[in-house]
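Engineer:
Numbering (this note's numbering), first residue to last: 252 to 675.
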């Protein structure tokens, strides 16, 4: 048996069993299963066909229950954004009888409640700043693994990009979706490279080239725009003149590395961002306009994957995917608008707004060199980068986006507890 499945089995068994005594270990184990993407990797052929993610999630839930006395301070439902997310889920259930395709809607409703459950378990499982840091680094390790996979498969390009190779997590094997995940690590790694301890600086320095190279190989326009937005926001949001200058210098170094790694095919594809024709950005505008028409016809939503199901009625045949006869909207916010109507989009946007607002509150408080300030800045920028990329792809059911929002709630809880102790 190859080394990778053996290593995975050892880590998985350890994570499940030892995780029963420590919810953080169970949570990291669950994230490892996601990043390993056992169902879509060649090396997993020697492993038994189990529902690895379900097993890891079950152990995580049991661990939180077994250790609930030590997790009492983690008020899962305290934040308004969590309540908004639950209301969004409730609305999904409410419109089920009116969905355009009930079977498809129920399939994605089943997926979404699991995302919400993991979101709640993340908030419940992490109690202190040290655990939060381990959680963030486990996430960064997973994203770095994705970056390594893109490097490992660099000779398997199709049409000038890494596409169709099932690299990434279960819900981001598509190149554009994987790119959106990769860019979320950049704000953390840049800040840790500048402000972290010695180990963090070394790890960040080693990870950044692989992730930047992965973004180039994937050649995603949405990820490129999200990356640029994230770097700009990181500099703007950082507090303190010294930190801003350090970030500008670090960003310039990153840009130089990026320019060195990028090839002509990458820049040729990026040039199409300004192309208004159907061969460039104009094609997505056609999808988005169709989405607005769908919403006007069904203002309270068409149900899960409604745009996909309705696309043959609103788009000309030449705009539908060949062999499938349907088309995705390629915009997360229009996706939410079409599938769940005016109520759904308001709840979804409010959930994101209050999440970012909570992080901004932490960012504004304390000294510019305060660690909480830096963490909030990195997380706020990572989430903003992802949401920028999500303007060009469907990410309403993306697991990692809800992880980032849950990390924000964990950080809020940690900061609130620490500041409460300080004032006592």
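In this text, a Cβ means the ideal position worked out from N, Cα and C, and glycines have one as well.
Here the structure is a predicted model, which means the values were calculated and not measured.
Buried or exposed, going by whether 16 or more other CB atoms sit within 10 Å of the CB of residue 329?
Structural biologist: Counting Cβ neighbours within 10 Å, residue 329 comes out exposed, since fewer than 16 surround it.
Engineer: For residue 412, which of helix, strand or coil comes out of DSSP?
Structural biologist: Here residue 412 sits in strand by DSSP.
Engineer: Have a look at 539, 395, 339 and flag the residue whose alpha-carbon is nearest the alpha-carbon of residue 457.
Structural biologist: Ranking the options by Cα distance to residue 457, first place goes to 395.
Engineer: Can you give the beta carbon distance from residue 300 to residue 555, rounded, assuming they're within the 8 Å contact cut?
Structural biologist: Actually they are not in contact, since the Cβ atoms of residue 300 and residue 555 sit about 27 Å apart, beyond 8 Å.
Engineer: Is the beta carbon of residue 478 closer than 9 Å to that of residue 466?
Structural biologist: Yes, the pair counts as a contact, with Cβ atoms nearer than the cut-off.
Engineer: Kindly indicate which three-state DSSP category residue 352 falls into: helix, strand or coil?
Structural biologist: Three-state result, residue 352: coil.
Engineer: Around the C-beta of residue 375, are 16 or more other C-beta atoms found within 10 angstroms, so that it is buried, or is it exposed?
Structural biologist: Residue 375 should be labelled buried.
Engineer: Just the Cα atoms here: how many angstroms apart are residue 406 and residue 469?
Structural biologist: If you take the alpha carbons of residue 406 and residue 469, they lie about 12 Å apart.
Engineer: Of the choices 255, 309, 352, 669, whose alpha-carbon is the least far from that of residue 623?
Structural biologist: Residue 623 has its Cα closest to that of 669, out of 255, 309, 352, 669.
Engineer: Can you tell me the Cα-Cα spacing of residue 295 and residue 287, whole angstroms?
Structural biologist: Cα-Cα distance, rounded: 9 Å.
Engineer: Please report how far the alpha carbon of residue 462 lies from the alpha carbon of residue 444, in whole angstroms.
Structural biologist: If you take the alpha carbons of residue 462 and residue 444, they lie about 14 Å apart.
Engineer: According to DSSP, simplified to helix, strand and coil, what is residue 577?
Structural biologist: Looking at residue 577 - three-state DSSP - the assignment turns out to be coil, as it is neither helix nor strand.
Engineer: Which parts of the region 626-663 are runs of the alpha helix (DSSP H), unbroken and 4 residues or longer, counting only runs that do not cross its ends?
Structural biologist: DSSP runs (the alpha helix (DSSP H)) wholly in the region 626-663: none.
Engineer: With residue 548 as the anchor, note down where its alpha helix (DSSP H) starts and where it stops.
Structural biologist: From DSSP, the alpha helix (DSSP H) with residue 548 extends over 533-548.
Engineer: Quick check: what's the CA-CA separation for residue 453 versus residue 304?
Structural biologist: Taking the straight line from one Cα to the other gives about 31 Å.
Engineer: Classify residue 256 as helix, strand or coil using the three-state DSSP reduction.
Structural biologist: Three-state result, residue 256: helix.
Engineer: So, are the CB atoms of residue 598 and residue 578 less than 9 Å apart?
Structural biologist: In this structure, residue 578 does not lie closer than 9 Å to residue 598 by Cβ.
Engineer: Does residue 616 come out as helix, strand or coil in the three-state DSSP assignment?
Structural biologist: Residue state, collapsed to three classes: coil.
Engineer: Run through DSSP, which three-state label would residue 553 get?
Structural biologist: Residue 553: coil per DSSP, three-state reduction.
Engineer: Three or more C-beta pairs closer than 8 Å, one from the region 606-621 and one from the region 337-348: is that the case here?
Structural biologist: Short answer: they don't touch.
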